[in-house]
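Worksheet for the structure shown next.
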Amino acid sequence: MANLEVSSLTLTFRGLAALMDVSFIVPEGQIVSLIGPNGAGKTSMLNCISGRYTPDCGQISLDGLDLLRLPAHRRTSLGLSRTFQNIALFKGLSVLDNLMVGRHHLMDTGLLASILYFGPARRKEDAHRLKVEEIIDFLGLSPYRHQIAGRLPYGVQKRVELGRALAAEPRLILLDEPMAGMNLEETEDMARYILDLNEEWAITTLLVEHDMGVVMDISDQVVVLDFGSVLAQGAPGEVQQNPEVVRAYLGSEDSHFLGR
Amino acid sequence: MLEYYLQLLVNGLVVGSIYSLVALGFVIIYKATKVVNFAQGELLMVGAYVCYALTVQAQVPFVAAFLLTLGFSVVLGLAVERLALRPLIGEAHISVIMVTIGLSSVLKSLVQLFWGTNIQVFPEVLPNTPVFIAGMPVSPVYIAAFALSFLLFAGFSLFFKYSRLGIAMRATAFDQQAAQSMGIGVKNIFALSWCIACVVSCVGGVILGNINGINAQLGYMGLKVFPAVILGGLDSLLGAAVGGLIIGVLENVCDGLAKDVLNLSGFKEVAAFVVLVVILMIRPYGLFGTHEIERV
Chain X
70 MANLEVSSLT
80 LTFRGLAALM
90 DVSFIVPEGQ
100 IVSLIGPNGA
110 GKTSMLNCIS
120 GRYTPDCGQI
130 SLDGLDLLRL
140 PAHRRTSLGL
150 SRTFQNIALF
160 KGLSVLDNLM
170 VGRHHLMDTG
180 LLASILYFGP
190 ARRKEDAHRL
200 KVEEIIDFLG
210 LSPYRHQIAG
220 RLPYGVQKRV
230 ELGRALAAEP
240 RLILLDEPMA
250 GMNLEETEDM
260 ARYILDLNEE
270 WAITTLLVEH
280 DMGVVMDISD
290 QVVVLDFGSV
300 LAQGAPGEVQ
310 QNPEVVRAYL
320 GSEDSHFLGR
Chain C
27 MLEYYLQLLV
37 NGLVVGSIYS
47 LVALGFVIIY
57 KATKVVNFAQ
67 GELLMVGAYV
77 CYALTVQAQV
87 PFVAAFLLTL
97 GFSVVLGLAV
107 ERLALRPLIG
117 EAHISVIMVT
127 IGLSSVLKSL
137 VQLFWGTNIQ
147 VFPEVLPNTP
157 VFIAGMPVSP
167 VYIAAFALSF
177 LLFAGFSLFF
187 KYSRLGIAMR
197 ATAFDQQAAQ
207 SMGIGVKNIF
217 ALSWCIACVV
227 SCVGGVILGN
237 INGINAQLGY
247 MGLKVFPAVI
257 LGGLDSLLGA
267 AVGGLIIGVL
277 ENVCDGLAKD
287 VLNLSGFKEV
297 AAFVVLVVIL
307 MIRPYGLFGT
317 HEIERV
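Heads up: the sequence lines are chains X and C, in that order.
The opening position of the first sequence corresponds to residue 70 in the numbering used here, with each subsequent residue numbered one higher.
The opening position of the second sequence corresponds to residue 27 in the numbering used here, with each subsequent residue numbered one higher.
This is the structure:
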């Protein structure tokens, strides 16, 4: 069953088309990467899926459910979660609180019960904490648990943001340049986390990333956007061979597009 | 002589605790929605008049009237947010600020329309025989006022620190887009902020009405909140508490000093704003506010 399905999506800003008739599928359990030059519409695409932008026409469905009918904050409970290109953490909250906010939509305890902190409220709170601790272990964030998120090093903040997205227990996660600005070691760690969350937790992944080495290594499929349209899509090997992609991407054929 | 100043200190703390409440409302709205609310004082005035109408004009017992006023303030907060503020989401800050100024005029006119401009007095709720604290006479109303403000403040601080909604509100204050993608309904959070701001201001109004009586100029209390929040830091709850108390004490003590030493009266109205100017010169982000540090 197809998990995420985007069909003939068009998004314009005052007549300027950011996305034109874009269609692709992110099949259940796969890692699909969205690549393209700057300004190709990759982040706009993610914003349409997560609900920040409303496309002019076209459809986006998750497991056959029409996403565009729901306001952004309701899409989270369908199993959609995301990270941002420029880190968007709750900078003044601790790492733990950031992750707990990720679980906001899963918490249904009433105000009174949570104030008194008894019975079911207590059990649920413990269950939430347990899940959060699991994520903290997974991402190696335990030394930072009680620190204020905004004061952590850049690479760690990126990981906290991934953790917050995971805390929502998504079935589909949208990652907007998770490796941007990272050194080689951090990039490899992040790639490992993405592979692990895909394999072990069975989270379908839509990845936007500029690091071609990583994209070609970990993706099941690659979708290439250029000027708001899909230029090519397919397995990494096929896309790499596509002369049009190479031309659009770097302007010449003898480039080092094939990665590091 | 010492007693004179101690009395001023007590007065200052009580008035200051009301400033703190109104400042709390102001800070909550500013933090969650980045709206500078110029109608905060008028919300206080409306609360005071509604409670007055219930106790004096409708002869409802005070406790019931107080609870009804709380209920009314919740509805008022929701209505104001829904009708006046929500249509302006995404508009320029200056437009939103102008709307809150307009709102303050509307509320003020409505109050004058219904209740006129004369001073109205609340019935005595607490006995007026003074209680002696450390040998100093203090009116029971003052003690109740201070205790009530303190309780409200403590309650809301715990709410923000630990409750799911409180944490969601703080999260929204830091990053609306991220909060939304975590399943937080940002518009609901805005409505909740106005509700809380309205409730605390109305409580402040009721307390003030019990101490001084009320008139249509009560809304100018809202202006005193600016020195308090700028002293404390625009986005800090603790700052609102401390800022309110400091401004309350400062204006009372400065006023007393001016009368005592220089034989000048009327310094009270100015003192808070002198502080405001000084703070803006030496520490513009306030005592506890966020000091923007730019990392390159």
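Don't be surprised by glycine CBs; every beta carbon is placed ideally from N, CA and C.
Residue i: contacting residues in chain C (beta-carbon distance under 7 Å)
| i | result |
| --- | --- |
| residue 261 of chain X | None at all; the shortest Cβ gap to chain C is about 24 Å. |
| residue 166 of chain X | 193 |
Chain-ordered neighbours of residue i on chain C, where CB pairs are closer than 8 Å
| i | result |
| --- | --- |
| residue 151 of chain X | 207 |
| residue 10 of chain X | No statement about residue 10 of chain X is possible, as the shown extent of chain X runs from 70 to 329 and does not include it. |
8 Å Cβ cutoff, residue i in contact with chain C
| i | result |
| --- | --- |
| residue 245 of chain X | no |
| residue 233 of chain X | yes |
| residue 163 of chain X | no |
| residue 145 of chain X | yes |
| residue 283 of chain X | no |
7 Å Cβ cut-off: residues of chain X touching residue i
| i | result |
| --- | --- |
| residue 211 of chain C | 142 |
| residue 197 of chain C | 159, 162, 170 |
Chain-ordered chain C contacts of residue i [CB-CB under 9 Å]
| i | result |
| --- | --- |
| residue 174 of chain X | 208, 209, 210 |
| residue 237 of chain X | 207, 208, 209 |
Residues near residue i in its chain [Cβ-Cβ closer than 7 Å; skip 5 each side]
| i | result |
| --- | --- |
| residue 239 of chain X | 148, 149, 150, 272 |
| residue 93 of chain X | 75, 292, 299, 302 |
| residue 58 of chain C | 195, 198, 199, 215, 216, 219 |
| residue 55 of chain C | 61, 63, 219, 220, 223 |
| residue 183 of chain C | 263 |
| residue 170 of chain C | 152 |
Straight-line gap, residue i to residue j (C-alpha atoms, nearest Å)
| i | j | result |
| --- | --- | --- |
| residue 221 of chain C | residue 103 of chain C | 4 Å |
| residue 153 of chain C | residue 279 of chain C | 27 Å |
| residue 327 of chain X | residue 132 of chain X | Because residue 327 of chain X carries a pLDDT of 49, less than 50, the predicted location of this residue cannot be relied on, and the following value inherits that uncertainty. Cα-Cα distance, rounded: 33 Å. |
| residue 173 of chain X | residue 191 of chain C | 9 Å |
| residue 163 of chain C | residue 30 of chain C | 11 Å |
| residue 61 of chain X | residue 210 of chain C | Look at the range of chain X in this structure, 70 to 329, and you will see that residue 61 of chain X is not part of it. |
| residue 86 of chain C | residue 231 of chain C | 18 Å |
| residue 279 of chain X | residue 119 of chain C | 36 Å |
| residue 267 of chain C | residue 255 of chain X | 43 Å |
| residue 142 of chain C | residue 77 of chain C | 15 Å |
| residue 47 of chain C | residue 75 of chain C | 17 Å |
| residue 117 of chain C | residue 132 of chain C | 21 Å |
| residue 277 of chain C | residue 97 of chain C | 33 Å |
| residue 111 of chain X | residue 122 of chain X | 13 Å |
| residue 244 of chain X | residue 142 of chain X | 17 Å |
| residue 85 of chain X | residue 296 of chain X | 11 Å |
| residue 144 of chain C | residue 241 of chain C | 6 Å |
| residue 308 of chain X | residue 282 of chain X | 13 Å |
Residue i at chain X interface by Cβ criterion, 8 Å
| i | result |
| --- | --- |
| residue 201 of chain C | yes |
| residue 118 of chain C | no |
| residue 190 of chain C | yes |
| residue 204 of chain C | yes |
Same chain, Cβ closer than 8 Å to residue i, neighbours up to 5 away in sequence not counted
| i | result |
| --- | --- |
| residue 273 of chain C | 42, 45, 250, 253, 254, 257, 298, 301 |
| residue 98 of chain X | 72, 267, 271, 273 |
| residue 124 of chain X | 78, 79, 80, 88, 117, 137 |
| residue 157 of chain C | 163, 164, 165, 166, 169 |
Sequence-distant residues of the same chain with beta carbon closer than 6 Å to residue i, five excluded per side
| i | result |
| --- | --- |
| residue 251 of chain X | 224 |
| residue 248 of chain C | 66, 67 |
message: Using a Cβ-Cβ cutoff of 9 Å, what residues of the stretch 78–90 of chain C are near chain X? List them in chain order.
response: none
Selection of the stretch 234–263 of chain C by Cβ proximity to chain X, strictly under 8 Å: none
message: Short of 8 Å Cβ to Cβ, which residues in the stretch 110–134 of chain X face chain C?
response: 119, 120, 121
task: Mind checking the stretch 46–68 of chain C against chain X and listing, in chain order, the residues whose C-beta falls within less than 8 Å of any C-beta there?
output: none
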